[in-house]
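What follows is a single structure, written as structure tokens, with notes after it.
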Amino acid sequence: MAFVFACELPDHLWYRVDQDVWLEDRPDGTVRLGMTDPAQTRAGKLLYLRVRTNKTVRAGQNVATVESGKWVGPVPAPLPGTVVDANPAVLEDPSLVNRDPYGEGWLLTFRPDLGRDAWAATGLQHGPDAVDPYRAKLKEEGLTCLRCADPIP
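Residue numbering for the sequence shown follows my numbering, beginning at 2 and increasing consecutively.
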């Protein structure tokens, strides 16, 4: 696990740094998709998540919408594919993303149209390869990550 300005970047994940999303391979060919630690910090306490399942999208198209007290915004697809399902725990308690963005706070399951061997060519970076780009991005933004320590009522 790497830490950049107190932001966690787990080594096993794939990152789209410019979109602040991550992917985790699953044995069935799907991936879990979530917001990065910097993304949840920028957004603040998440209040709402909307995901349209069975939606086929192009890379860059929205796969979800998140809302916080200070921001409403899209979650872009880093790859073309189909949204399979949403994380029911996050639908019930969106602040899980603030507390555990890489664990229980994943957003949705996605079936990419591209095999993993093609991901790097799309701008995705695997684990340690994303550290330097995040260091430059977070330094430019002046961002240091924060997490919610306890469930927010």
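Even for Gly, the Cβ is constructed at its ideal location relative to N, Cα and C.
About 6 Å separates the beta carbons of Trp120 and Trp15, which is inside the 8 Å limit, making them a contact pair. Distances from the CA of Cys8 to each of Thr66, Val32, Met36 and Leu92 were compared; the closest alpha carbon is that of Met36. Thr110 has Arg33 and Asp86 as its beta-bridge partners, per DSSP. Distance from the CA of Thr123 to the CA of Leu80, rounded to the nearest whole angstrom, comes to 7 Å. Excluding sequence positions up to five before and after Ala44, its CB lies within less than 6 Å of the CB of Ser69 and Trp72, all in the same chain and listed in chain order. Contact between Leu139 and Pro77 fails: their C-beta atoms lie close to 19 Å from each other, not under 8 Å.
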